[in-house]
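Note sheet for the following structure.
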Amino acid sequence: MSSSDPGLWLDLATSDATAARRLLTPPASLPQAAYLAQQAAEKAIKARLIALRIAFPRHGGRGHDLVALTNLVPVGDTARPLFEELSSITPWATAFRYPSDDPATEAHLTAEEIAAKLEQTETAIALVRGDLDRQQS
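Mapped onto the working numbering, the consecutive letters of the sequence shown carry residue numbers 14 to 150.
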């Protein structure tokens with residue numbers, strides 16, 4: 014897989030979103046669904062950045078920061094408002110992977126909250142894919 018192909022990043026984003034949706038069906042696994050929702054959003058933003066030939070951090074956890082990634086997307090880009098809305102789920106990348114007593118990462122998410130962010134993510138994926146398809150035709 015080429016890390017420079019935005020279409021492949023969008024395929025992975027779609028796969029993560031699909032898996033997150035499955036994890037929301039009873040008996041739901043909310044922490045894992047939230048993690049995969051964040052991963053789908055992250056990959057959608059990175060696909061957009063790759064398509065725009067904008068470098069982004071890949072190491073040290075900075076590559077999971079949706080706020081920082083969104084800030085790299087040019088103001089005025091049609092996907093940026095969606096990415097800004099998704100930036101709030103940055104903590105989902107790490108908050109549920111390990112036990113923690115840190116109140117900043119303690120979350121009591123509902124399936125409805127995760128589903129709402131997944132819907133925004135799926136909209137962003139479709140927008141980025143549509144723009145990519147138009148550029149390639």
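Just so you know, even glycine gets a beta-carbon here, dropped at the ideal spot from N, CA and C. Given the structure is predicted, the values throughout are model-derived calculations rather than measurements.
query, result
"Tell me the residue span of the alpha helix (DSSP H) that contains R142.", "124-149"
"From D29 to D90, what does the alpha carbon distance come to, in whole angstroms?", "24 angstroms"
"Put R110 into one of helix, strand or coil per three-state DSSP.", "coil"
"When the Cα atoms are used, what is the spatial distance from S42 to A124?", "9 angstroms"
"Under three-state DSSP, which class holds R4?", "Any question about residue 4 goes unanswered here, given that the chain covers just 14 to 150."
"Do T103 and D78 count as a contact pair if the criterion is CB distance below 8 angstroms?", "yes"
"Is the beta carbon of T83 sitting closer than 8 angstroms to the one on I58?", "yes"
"Can the beta-carbon of P94 be found less than 8 angstroms from the beta-carbon of I63?", "no"
"In this structure, does DSSP put L65 in helix, strand or coil?", "coil"
"Note down the Cα distance separating T27 from L36, rounded to an integer number of angstroms.", "14 angstroms"
"Which same chain residues, not among the five before or five after P44, have their C-beta less than 6 angstroms away from its C-beta?", "F109"
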